[in-house]
Structures are given as C-alpha cells and as structure tokens.
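Encoded as structure tokens, the structure appears first; notes follow it.
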Amino acid sequence: MNPPRDLTMPERITWRDGQTLTSRDMRDDQRYSDRLRQLHIRYLHKTWGVVEGLNVIASSTAEVVITRGYALDGDGRELLLPTPARLATPANVTPSTTMYVVISADATTPPCSAPPDLSMLCPGVTNPIPFQAGMLSWKTVTEVRPGLDVLLARALITSGSLASPVDTGVRRPARSLVQPRMWSDTSQPGSTGWTDFMSKPYRNMSATVDTSAAGFTTTPAYFPRLAGTSQLTACYVLSAGPSSFTFVVQPAYEPGTSPVAAMAEKDGWTIEWFAIELPVREILFPLPTGGLP
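If you're matching positions, the sequence shown starts at 4 in the working numbering and goes up one per residue.
The structure is reproduced here in structure tokens:
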C-alpha cells in the first residue's frame, strides 16, 4: 500500500479551565477540525468534483453566470458557492483560445462572493474576515491543475468574447471511488468442518464457512472452490448469509466408500473462497444516470 502523500496536521489546542482565549485560538481549533475532514474525504471516500449545482450559463458574450453549488477538490477541500456569481470573460485573450471555467481554493483568483459586512457584524473591527468559499477563474488547458481545479465548463474565447456555446461536458461529478467490500480466505486443512450431508442418492458432504471476519452487513456474492484434490466433483452453495455460507460437495469417491466427510478431512480438502458485497439490484439491473423515470 502506498503511504499517503500528506498527513500534516495543525497543532491541536489543549483546553484548560480558566484559559484566556483569543480569536486565533478559535481559528486554530477550526483549522484542526477542517483538516481532519479533508483527510477523511481524501483518503476514505476518494472522491472529488462537482457535488451539487455550479451550472455555467452564458448571460452575454462577455459574461457567464455560475449558479450556487458545492464541490470538492482532490485534497478534500470544500469549495462552496453560496450565491450565484458572475464571471467576465478574459479580456486579454485575443486569438481564439479554448478556456475553462474552474472553481478552486486558490486565493489568488477573485472570490465568488463578497465578504460579510464587518460594520454590521463587529462594529469597530476593520480587519478582513476570510470567507470560506471557492474561487472562480478562467484557465487555459495548460494552466488547469487536475484535482486542485474542478472543471465547470469550457468555451472558445475570441477577443474577450464568447465565440462558442458554453460546453458543460467537461464537468466531473463527485462520486465515491471506493471499491466495494471484498474478502477472501481459505479453510484450514484437516479442520474445514466437513460433514456427511446426504447418502441417497449421492454421497454428499457439506461444510459451513465462517465469514464473520469480513464484516459484511448484507449477504455478499460468494465464489467458493474446492481445493486440495484433483478428483472431479460437483459442488454448489446451499445457503448463504452475511457471516457464513454452506458449501455442498459431491465427491468422486468409489461407490460404497463411507464416510466421505472423514476421508475429505484426512485428505486435506479445503474451501477457497472470494466474496464481494454489492446490492443485487446494482449487479443485475444497473440504473442509468438520473435513476428510474
């Protein structure tokens, strides 16, 4: 497993009774919580892109409107646009150039919305209050930083004006990239737990495999196979649940040989299995984007 690229954390505040607090203490404590949330999104959910809204609409040839919305960048930072914003086309682009509307956490680009009115919130305070919001900008394909810049749309810009319709096909929707829960294991030779299952008309045997260590919450799809022998057999899963499944085998022993289960244990027959936990409806009937009509 590759180690995470960045696990740096701001210093955590140690609170004490009677402690004198400043605004910096409160900001540092919030930075600590924000950083934990970013790491959670980045390494557990492994997703980034547009979560909701952030539609780009051309209001004129010199301006686009971005609807309010919410996105995540590749570092797990939250990019919020609480109110609709207007973004003028870049005036310094003279030749026809494909430009991209992006939202990012880069503080060098214009803010999406104005900071709060300090005179209404804190009379007498004049220092700016950082407003947690995403930043909008136009960028060329060479300027775009995948993961740090979330693409919203693209358009052809000529002499500072839109020369093509706004194309939103470049948007990346944020969706979980975490793999479904999977597990595999092998029973122990000599202690698989084979028992005689049925003597007529076939000499079958079965074993119940404990899968509770996998932590499945619903019954997964089990894929077992018989190992430890080259004899031809017929086998199938008789029953299954989140924490176990029962595997039935019809051995190819000579007729009249009994008991077959004891011989299977002695010969070291084992069960190798793999399981994947996915809802059945997603396996058999994947829904198109947008869900059911």
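Glycine included, every Cβ here is placed at the ideal spot set by N, Cα and C. All of these numbers come straight from a predicted model, not from anything done at the bench.
Problem set entry | Cut-off 6 Å between Cβ atoms - residues of its own chain near arginine 323, not counting five sequence neighbours on either side | Lying outside 4 to 296, the shown extent of the chain, residue 323 is not represented and no answer is given.
Problem set entry | As assigned by DSSP and simplified to three states, the class of valine 67 | The sequence position of residue 67 within the sequence shown is 64, counting from 1. It is a strand residue.
Exercise. With DSSP run on the structure shown, which of helix, strand or coil describes isoleucine 16?
Worked result: Numbered from its first residue, the sequence shown carries residue 16 at position 13. Per DSSP, reduced to three states, the secondary structure at isoleucine 16 is coil, with no helix or strand assignment.
Exercise. When you compare each of Ala65, Thr100 and Leu82 to isoleucine 106 by their alpha carbons, which one comes out closest?
Worked result: The sequence position of residue 106 within the sequence shown is 103, counting from 1. A check of alpha carbon separations from isoleucine 106 across Ala65, Thr100 and Leu82 identifies Leu82 as the nearest.
Exercise. What are the boundary residues of the alpha helix (DSSP H) that includes glutamate 268?
Worked result: The residue you call residue 268 lines up with position 265 of the sequence shown. Where glutamate 268 is concerned, the enclosing alpha helix (DSSP H) stretches over 263-269.
Exercise. Between glycine 79 and isoleucine 44, which are expected to be in contact by the criterion C-beta below 8 Å, what is the C-beta distance as a whole number of angstroms?
Worked result: Taking the first residue of the sequence shown as 1, we reach residue 79 at position 76. Taking the first residue of the sequence shown as 1, we reach residue 44 at position 41. Correct: roughly 4 Å between the Cβ atoms.
Exercise. Could you give the residue range of the beta strand (DSSP E) that holds tyrosine 73?
Worked result: Here residue 73 refers to the residue found at position 70 of the sequence shown. Looking at the DSSP string, the run of the beta strand (DSSP E) that includes tyrosine 73 is 72-75.
For this session: Have a look at serine 99 and valine 153 and give me their C-alpha separation to the nearest angstrom.
Result: Your numbering for residue 99 matches position 96 in the sequence shown. Your numbering for residue 153 matches position 150 in the sequence shown. Roughly 23 Å separates the two Cα atoms.
For this session: Starting from the Cα of threonine 222, find the closest Cα among Ser62, Leu24, Tyr239 and Met185 and give me that residue.
Result: In the sequence shown, the residue the question calls residue 222 occupies position 219. Out of Ser62, Leu24, Tyr239 and Met185, Met185 has the C-alpha closest to the C-alpha of threonine 222.
Exercise. Which stretch, first to last residue, makes up the alpha helix (DSSP H) that contains glutamine 78?
Worked result: Mapped onto the sequence shown, residue 78 falls at position 75. In the sequence as presented, glutamine is not what sits at residue 78; that position holds aspartate. First-last for aspartate 78: undefined, no H or E at that position.
For this session: Answer yes or no: do glutamate 268 and threonine 211 have a C-beta to C-beta separation smaller than 8 Å?
Result: Taking the first residue of the sequence shown as 1, we reach residue 268 at position 265. Taking the first residue of the sequence shown as 1, we reach residue 211 at position 208. Not a contact, by the Cβ cut-off of 8 Å.
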